[in-house]
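Reviewing the structure listed below.
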């Protein structure tokens, strides 16, 4: 390396040493600002929502559809699987084999979303179902049964679930999409509604409690 080249290298190195800390500081400040914005907007959790305008639905649980071990609160905002059968009428709307419950309102068009808080228990699912979803007998939680869901399951998690959280369900009815944001992890499902009304859907294993926000 020539003397002039070596001098130029040393000069560039010294300039880099002066510039890099400033760039690092700027990046840290930008990251802090973004985190602060997310904290203010979403209770400390980063926001992750699809683009566009979405209407928040005030979802309640429909006790007439609730499986016999599911107890709906008086304000219809919380449901819990108490593990014991309750004395309930066997009406056509009620699930009689799977611990499920439907919610309202229903949707036939537009973009909507709703939020559900879950506890530390596992084995639950939240999503949407066609109004014609089967109520009697064994129910598979798959699109073929008119159910689009996401949740936490014993067989899919090895680590313990130590904290509560929130799941957000986005429905783009006209676009044929259901989008889930589960603690920041976003999943999109293609859906064919065929003009059918769809309603909020919930599955609760033993001891699970869910609350509509």
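Residue numbers (my numbering): 9 to 221.
Ideal placement from N, C-alpha and C gives every residue a C-beta, glycine not left out.
In this text the structure is predicted, and so the values were computed from the model without any measurement.
- For residue 130, there is no enclosing beta strand (DSSP E), as DSSP gives it neither H nor E.
- Annotated three-state conformation of residue 152 is helix, per DSSP.
- Cα atoms of residue 91 and residue 213: separation of roughly 9 Å, rounded to the nearest angstrom.
- Excluding its 5 nearest sequence neighbours in each direction, residue 58 has C-beta neighbours in its own chain below 7 Å: 178, 187, listed in chain order.
- Membership of residue 211 in the beta strand (DSSP E) is indicated by the continuous run 206–212.
- Distance between residue 89 and residue 215, taken at the CA atoms: about 5 Å.
- When C-alpha distances from residue 76 are compared across 105, 126, 209, the shortest belongs to 105.
- Straight through space, the alpha carbons of residue 97 and residue 117 are spaced by roughly 32 Å.
- Check the Cα spacing between residue 206 and each of 153, 137, 160, 173: the tightest is with 137.
- Non-local beta-carbon contacts of residue 140 in its own chain, meaning distances under 8 Å to residues more than five positions away in sequence, involve 154, 204 in chain order.
- In terms of Cβ geometry, residue 103 and residue 130 do not form a close pair [threshold 7 Å].
- Between residue 176 and residue 115, the CB-CB gap reaches or exceeds 7 Å.
- Taking residue 93 as reference, the option from 83, 69, 78, 128 with the minimal CA-CA separation is 78.
- In the structure shown, residue 191 falls within a coil segment according to DSSP collapsed to helix, strand and coil.
- By DSSP's assignment, residue 137 forms a beta bridge with 155, 207.
- Between the alpha carbons of residue 219 and residue 185 lies a distance of about 24 Å.
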